[in-house]
Ligand code: MG
Ligand code: MG
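Residue numbers (this note's numbering): 413 to 679.
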């Protein structure tokens, strides 16, 4: 069942989104080679708790941390650890959620440790194109469009480079629960699928791999990796479908939020 949100509820979700955005801004600012993924988790938790919000992921189905931190061939759901030290050139997906006034915000970035120049052009492009694909999807999140429009827009970006588009993990509705209906796949056909209507709030989160789309879950029962060990990137924003167009509730200060202008960013 898809739970539509009122204008007032979407405003509350924007407050949750703003906390998530601040956590990501702090992480982008502080990320350095030599840090552990547990260091990142502590930074994010401090921002969230300091804002009077609650981490969405901690305790979710038993997940032990505030962030999902997924380096290199990890796609999603990596568990922060003092044993995982980030080296220059590592690619790290950082997924963060926060609850404000009962509503969740959910957003992920993929960063290159030591800066974009610390990796190869091929990896830099994977990260940028996954981010571009997210924005191509976000701009389709409009009243009257269909979910297939979102998926097709994302998949089209992946096709340019023949990236593997992860199929087993997808975007989702979000609200009082972290994961609500509908599922929002990162593939599909334009003009097909459920029709989006104002009041929907969804998380759009493409996951692209340099190699196969296939995944495998590690023995910790959380960490999802690429089956072939290839690198993976993941970007996510939470977006509300409003009568004025998409409202990116988790947008950071250097990104457009609402209304999403014609000129969505290209990285
Ligand atoms: Mg997320
Ligand atoms: Mg999500």
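The beta-carbon is built from N, C-alpha and C at its ideal position, and this holds for glycine as well.
Where the beta strand (DSSP E) through residue i begins and ends
i           : result
residue 584 : 583 to 585
residue 413 : Residue 413 -> no beta strand (DSSP E), and no H or E assigned at all.
residue 594 : 592 to 596
residue 544 : No beta strand (DSSP E) contains residue 544, which is instead part of the alpha helix (DSSP H) from 533 to 550.
residue 523 : 515 to 524
residue 628 : 627 to 629
residue 657 : 657 to 660
residue 488 : 486 to 488
Residue burial classification, residue i (beta-carbon count within 10 angstroms, cutoff 16)
i           : result
residue 426 : buried
residue 546 : buried
residue 354 : Nothing about residue 354 can be read from this structure; the chain reaches only from 413 to 679.
residue 661 : buried
residue 378 : Residue 378 lies beyond the residue range present for the chain, which begins at 413 and ends at 679; the question has no answer from this structure.
residue 579 : exposed
residue 677 : exposed
residue 434 : buried
residue 597 : buried
residue 761 : Any question about residue 761 goes unanswered here, given that the chain covers just 413 to 679.
residue 532 : exposed
residue 624 : exposed
residue 664 : buried
residue 552 : buried
residue 568 : exposed
residue 650 : buried
residue 564 : buried
Whole-angstrom C-beta distance between residue j and residue i, which should lie under 8 Å
i           : j           : result
residue 414 : residue 612 : 7 Å
residue 497 : residue 448 : 5 Å
residue 679 : residue 548 : That pair is no contact at about 12 Å.
residue 487 : residue 562 : Actually they are not in contact, since the Cβ atoms of residue 487 and residue 562 sit about 19 Å apart, beyond 8 Å.
residue 535 : residue 503 : 6 Å
residue 735 : residue 588 : With the chain covering 413 to 679 only, the question about residue 735 has no answer from this structure.
residue 648 : residue 507 : 7 Å
Start and end residues, alpha helix (DSSP H) containing residue i
i           : result
residue 425 : 419 to 442
residue 449 : 449 to 462
According to DSSP, residues forming a beta bridge with residue i
i           : result
residue 479 : 508
residue 621 : 576 and 644
residue 638 : 627
residue 654 : 657
residue 649 : 616
residue 466 : 511
residue 497 : 448
residue 503 : 524
residue 558 : 607
Any chain B beta carbon closer than 7 Å to residue i
i           : result
residue 463 : Protein chain content of the structure displayed is limited to a single chain, and chain B is not contained in it.
Near ligand 2, which residues have their beta-carbon closer than 6 Å to a heavy atom? Near ligand 2, meaning a beta-carbon closer than 6 Å to one of its heavy atoms, we find 518, 584, 615, 617 and 648.
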